[in-house]
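Colleague: Straight run, no breaks: the sequence shown in my numbering ends on number 814. Every residue gets a Cβ at the ideal spot worked out from N, C-alpha and C, and that includes glycine. Okay, handing you the structure first.
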Amino acid sequence: MTIVGAGGMGKTTVALAVAEQPGRGAVEEVRLVDLSHLSDPALVAAELGRTQGLILASGEASADLLIAALRDARLLFVLDNCEHVVDAVAVLVARLMRACPGLQFLATSREPLDIEAEWVFKLPPLALPATDDPLSLQDLLAYPAIQLFVERARANGDTFELTDAHAPALRQLCGFLDGIPLAIELAAARVGALGVQGLLRRLGSAFELLNRGRRTALSRHRTLQAVMDWSYELLSDSERLVLQRLSVFRGAFDLEGAVAIAACERLDRQRVIDDVLSLTAKSLIVLASADHDLLLHRLLYITRLYAEKRLADTDNAGKVHRRHAGFIAAGLQHARQTGASVSEYHWSAALASSISDLRAAIEWALIDGNDVTLGIRLTAFAKRSYDEVGLVEEYLRHLETALAKLPAAGAEAAGLELPLLVAAGFMLGYVSDGSTRYPAVFSRTRELLRTSGSDEDRIEAFYGMSTTSYGQGDYRLSLDCCEEIRRLATGRFEPLSVAISDRVSTLCLHALGRHDEAERLARRVIDFNGARVDRRFLSGVPFGVSMRVQLARIQWLRGEFGTAWETLEEALAHSENAHVFARCQVLATAAIPMAIWRGETALADRWTQELRDLSARKGLGYWMAYARCFEHVTAGEAIPPGSALALTMTRCAPLGDLIATCHAGRPPAAVQARVDQQIVGWCAPEVMRLMALDELAQAPDAAVDRLRQAFELAESQGARFWMLRIALSMAAAATPAAAAAAASAPPGQAAASEALGLVSGLMTVIDDGSDFPDLVAARALLVSATAQPQGNGAPRRSTRPGALPAPSDRSRG
2 MTIVGAGGMG
12 KTTVALAVAE
22 QPGRGAVEEV
32 RLVDLSHLSD
42 PALVAAELGR
52 TQGLILASGE
62 ASADLLIAAL
72 RDARLLFVLD
82 NCEHVVDAVA
92 VLVARLMRAC
102 PGLQFLATSR
112 EPLDIEAEWV
122 FKLPPLALPA
132 TDDPLSLQDL
142 LAYPAIQLFV
152 ERARANGDTF
162 ELTDAHAPAL
172 RQLCGFLDGI
182 PLAIELAAAR
192 VGALGVQGLL
202 RRLGSAFELL
212 NRGRRTALSR
222 HRTLQAVMDW
232 SYELLSDSER
242 LVLQRLSVFR
252 GAFDLEGAVA
262 IAACERLDRQ
272 RVIDDVLSLT
282 AKSLIVLASA
292 DHDLLLHRLL
302 YITRLYAEKR
312 LADTDNAGKV
322 HRRHAGFIAA
332 GLQHARQTGA
342 SVSEYHWSAA
352 LASSISDLRA
362 AIEWALIDGN
372 DVTLGIRLTA
382 FAKRSYDEVG
392 LVEEYLRHLE
402 TALAKLPAAG
412 AEAAGLELPL
422 LVAAGFMLGY
432 VSDGSTRYPA
442 VFSRTRELLR
452 TSGSDEDRIE
462 AFYGMSTTSY
472 GQGDYRLSLD
482 CCEEIRRLAT
492 GRFEPLSVAI
502 SDRVSTLCLH
512 ALGRHDEAER
522 LARRVIDFNG
532 ARVDRRFLSG
542 VPFGVSMRVQ
552 LARIQWLRGE
562 FGTAWETLEE
572 ALAHSENAHV
582 FARCQVLATA
592 AIPMAIWRGE
602 TALADRWTQE
612 LRDLSARKGL
622 GYWMAYARCF
632 EHVTAGEAIP
642 PGSALALTMT
652 RCAPLGDLIA
662 TCHAGRPPAA
672 VQARVDQQIV
682 GWCAPEVMRL
692 MALDELAQAP
702 DAAVDRLRQA
712 FELAESQGAR
722 FWMLRIALSM
732 AAAATPAAAA
742 AAASAPPGQA
752 AASEALGLVS
762 GLMTVIDDGS
772 DFPDLVAARA
782 LLVSATAQPQ
792 GNGAPRRSTR
802 PGALPAPSDR
812 SRG
């Protein structure tokens, strides 16, 4: 058996542990043969003979003498470090196994011996936790890579303790080091001087940093540089060249990708393929995965860093990076033309691994200024890729840089400005300060659309503007954009009328309080088959998720609490394996607020933590703002006026609107202004109620009038949940104490009787036996009123026309 793995993987340690295990059958003794110091392959037989007390010279005769000496022996030979004499070892072992049936061999090498009867065990790296797995410290310590780091760190200085503060950095550090034991040991030796965060920040200088191994280790195992030098010197010239060039890949690549980057006049296609397979056999390239029957390869981080430094020392580094960036750009444009996303694009699976190659290409070409035009082209067509992984802020920075450098693109500038602006139009809907930035982008986009762009380009542009204006709370502008899309969506674009216009219009109509219209569109969109729709016109949030979010909210506001909760659970289930935006949307805009309205603070807090964790892992500032606000709500804390979070709520209007309905205090002035100007409708009755309660002590007459207006608005929307809250507030305002505080107030008994009538009528419609606070308060009020003598505030049904719609009246709720 041959244990194969990269340098520093722990092959020797594993081999010795295996050799020491009991139950070796017919083997009587174990012989360790360290071949690392051999420089002459002809001495391999002599080295084996030495373990038997034989003094052999080099050459064929030594092998014959060794066979004669070992013919009847029953031994296990552990042949350590075979890679630099692998051919000689292979020939000798094959002869010995044929001539000496009592011999067994356990070899360690960076490549197999490739002989008959050989079993190859590829030694994997130490197990690591997945990046996105939320784990406790105890869970982390169950992973061997983390265990080894902690063990070696404590051995170098017994003060090291794994804490919550540096656990995320340690996970990332061990991940960058690919779970390679030697690299982890060397890093742990530096933690006392630099700390975990310091190590992580300096990882780009790993070869200078990780240079203090144990003195008892082999010289080539004392530093990472020595480990890599040893492997590199064993390569052929063409293998070295291929390894250098493939270091530009940050993620996985397939053979077509390798050829595209590494082939040249000196290296034809077949030579590159052969060298990639050889480098894989020698553990310098690893198999990343098999994706759709395509084998994907990648360089371990340390290997890539080493090869990248070697590439930088050559005259061709710039050409190789340009070839890589051009390769990625061609792939993006091909994906756009075929309607695929990069993650589904298999013209070269090198583009499917991650966003890392796209990021590296943009940084080299655009940010570092090595090829600005190519960098702008990359950025212009990277929207779908960045959207899929949720790196909104990073992509917006690249877009801003590309627009600023656009004049440098020369003749291509005119054709690249519109896709850059369209991409920016989409992304600004996902940032909390987008409201201050999108007007200028929209204005310039509309200006360009008058003279350039196809109908398809116009639809895409209006799609971005509709989603961003919705995300920033400008619902009427979003509806206008949806109408533009309906006008353009004819012929082969007709499905976009549903896929875009109806879907986004559902969100806007609900936000404006037009719940019946929103429900009709939601029912139409929820099961829409998007198979005929180009991927760039599809949201990362599936139709079934976004529409169920709207339906759950509408049903809750109507007082259909049980149905609403069932719809919410369906939305949560559909979002579990969907895009991260889908999960965040369900949690932030439906699950958490509905749990708060229901009085389930612990559940709201748990979902808030999930939202916070998701936002932190994916760098989603937009949804992180929601999580931080909900944390204040569930803790019963006010958000301090003038704080950064309060400013975020002002800039991100939908956030401010939503939090106003979850907090008992007076809504922020910005939310009040939006309600007064009828910019938002769904939350308006509740905002008006909260404003009235705040005014009750100082201006009771105005407060009561505002409560009546709020009730009428809620009634017109069919929002019985708000109606119940308002009616309860009206009843509270009509208590003797409140009535006495108002000199010109109507008789308290009449007002109380009217409010009780409203509550009573509503409860006959919406009381489903639930025990959330508003229903409990209403029941208590009615029980208290019933216990009072007739004529002293007993409930009576309101006779105002339309005050209490019948349960079957769906048009009014």
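Determine the direct distance from the alpha carbon of residue 398 to that of residue 438, and round the result to whole angstroms.
Modeller: Computed Cα separation, rounded: 13 Å.
Colleague: Between 73, 41 and 74, which has its C-alpha nearest residue 58's C-alpha?
Modeller: Of the listed residues, the one whose Cα sits closest to residue 58 is 41.
Colleague: Just tell me which of 593, 20 and 669 has its CA closest to the CA of residue 573.
Modeller: When only C-alpha atoms are compared, the closest one is 593.
Colleague: Quick one: what's got a C-beta closer than 6 Å to residue 613's C-beta in the same chain, skipping five residues either side?
Modeller: The answer, listed in chain order, is 628.
Colleague: Within the continuous alpha helix (DSSP H) that includes residue 713, where are the two ends?
Modeller: Residues 701–718.
Colleague: Tell whether a beta-carbon distance below 9 Å holds between residue 631 and residue 597.
Modeller: Against a cut-off of 9 Å, the Cβ pair of residue 597 and residue 631 comes out as a contact.
Colleague: Quick one: residues in its chain with C-beta nearer than 6 Å to the C-beta of residue 523, no 5 flanking neighbours on either side, listed in chain order?
Modeller: 507, 548, 551 and 552.
Colleague: Using the C-alpha atoms, what's the distance from residue 456 back to residue 434?
Modeller: Residue 434 and residue 456: Cα-Cα distance of roughly 30 Å.
Colleague: Do residue 623 and residue 531 have their beta-carbon atoms positioned less than 9 Å apart in this structure?
Modeller: Taking 9 Å as the Cβ cut-off, residue 531 and residue 623 do not qualify as a contacting pair.
Colleague: Compute the distance between the beta-carbons of residue 462 and residue 454, then report whether it is under 9 Å.
Modeller: Result yes, Cβ atoms of residue 462 and residue 454 sit closer than 9 Å.
Colleague: For residue 372, count neighbouring C-beta atoms within 10 Å of its own C-beta (all shown protein chains included) and say buried if the count is 16 or more, exposed if not.
Modeller: It is buried - the Cβ of residue 372 has at least 16 other Cβ atoms within 10 Å.
Colleague: Given a cut-off of 9 Å on the beta-carbon distance, is the pair residue 682 and residue 710 in contact?
Modeller: No.
Colleague: In chain order, what residues of the same chain have a beta carbon less than 7 Å from the beta carbon of residue 173, not counting five sequence neighbours either side?
Modeller: Cβ neighbours of residue 173 beyond the five flanking positions: 201.
Colleague: May I have the straight-line CA-CA distance separating residue 418 from residue 404, to the nearest angstrom?
Modeller: Between residue 418 and residue 404, the C-alpha separation is close to 7 Å.
Colleague: Among the candidates 693, 10, 661 and 71, whose CA atom is the shortest distance from the CA of residue 111?
Modeller: Of the listed residues, the one whose Cα sits closest to residue 111 is 10.
Colleague: Could you pull out every unbroken alpha helix (DSSP H) segment of at least 4 residues lying fully inside the stretch 422–457, listed in chain order?
Modeller: Fully enclosed alpha helix (DSSP H) runs of 4 or longer: 439–450.
Colleague: Restricting to Cα atoms, I'd like to know which of 363, 498, 65 and 196 is closest to residue 484.
Modeller: The residue with the shortest Cα to Cα distance from residue 484 is 498.
Colleague: Look up residue 71 in the DSSP assignment and say whether it is helix, strand or coil.
Modeller: In the structure shown, residue 71 sits in a helix (DSSP, three-state: H, G or I).
Colleague: If residue 185 and residue 178 are in contact, beta carbons under 8 Å, what's the gap, nearest whole angstrom?
Modeller: The pair is a contact, with the Cβ atoms about 6 Å apart (cut-off 8 Å).
Colleague: Does residue 289 come out as helix, strand or coil in the three-state DSSP assignment?
Modeller: Three-state result, residue 289: strand.
Colleague: Let me know if residue 584 comes out buried or exposed under the rule of 16 or more other beta-carbons within 10 Å of its beta-carbon.
Modeller: Counting Cβ neighbours within 10 Å, residue 584 comes out buried, since at least 16 surround it.
Colleague: Whole angstroms is fine: what's the gap from residue 343's alpha carbon to residue 267's?
Modeller: Residue placement at residue 343 is flagged as unreliable, the pLDDT there being 37, under the threshold of 50; the coordinate-derived value follows with that caveat. The alpha-carbon atoms of residue 343 and residue 267 are separated by roughly 31 Å.
Colleague: To the nearest angstrom, how far is the alpha carbon of residue 691 from that of residue 392?
Modeller: Near 37 Å, if we compare the C-alpha coordinates of residue 392 and residue 691.
Colleague: Starting from the N-terminal side, write out each stretch of the beta strand (DSSP E) that is 3 residues or longer and does not extend beyond the stretch 271–336.
Modeller: Whole beta strand (DSSP E) segments, 3+ residues: 287–292 and 295–299.
Colleague: Evaluate the contact criterion for the stretch 262–282 versus the stretch 147–154: three or more CB pairs, one atom per stretch, below 8 Å.
Modeller: Contact between the stretch 262–282 and the stretch 147–154 is absent, because fewer than three Cβ pairs lie under 8 Å.
Colleague: By the DSSP assignment, the beta strand (DSSP E) with residue 32 in it spans what residues?
Modeller: Segment 30–35, the beta strand (DSSP E) holding residue 32.
Colleague: Please report the Cβ distance between residue 246 and residue 312, rounded to the nearest whole angstrom; I am assuming they are in contact, meaning their Cβ atoms lie under 8 Å.
Modeller: The pair is a contact, with the Cβ atoms about 7 Å apart (cut-off 8 Å).
Colleague: Does the beta-carbon of residue 479 have 16 or more other beta-carbons within 10 angstroms, so that it is buried, or is it exposed?
Modeller: It is buried - the Cβ of residue 479 has at least 16 other Cβ atoms within 10 Å.
Colleague: Helix, strand or coil for residue 619? Go by DSSP, reduced to three states.
Modeller: The answer is helix: DSSP assigns residue 619 an H, G or I state.
Colleague: Go ahead and pull the three-state DSSP assignment for residue 596.
Modeller: If DSSP states are grouped into helix, strand and coil, residue 596 belongs with the helices.
Colleague: With DSSP as the reference, label residue 382 as helix, strand or coil.
Modeller: If DSSP states are grouped into helix, strand and coil, residue 382 belongs with coil.
Colleague: Please report the distance separating the alpha-carbon of residue 493 from that of residue 486.
Modeller: Cα-Cα distance, rounded: 13 Å.
Colleague: How is the alpha helix (DSSP H) around residue 582 delimited, first residue to last?
Modeller: Where residue 582 is concerned, the enclosing alpha helix (DSSP H) stretches over 581–587.
Colleague: Less than 9 Å between the C-beta atoms of residue 443 and residue 504, yes or no?
Modeller: Result no, Cβ atoms of residue 443 and residue 504 do not sit closer than 9 Å.
Colleague: Pick out the complete alpha helix (DSSP H) segments inside the stretch 67–119, 4 residues or longer, and give them in chain order.
Modeller: Listed in chain order, they are 87–100.
Colleague: Going by Cα to Cα distance, which pick from 338, 46, 317 and 191 is closest to residue 243?
Modeller: Of 338, 46, 317 and 191, the residue nearest in Cα terms is 317.
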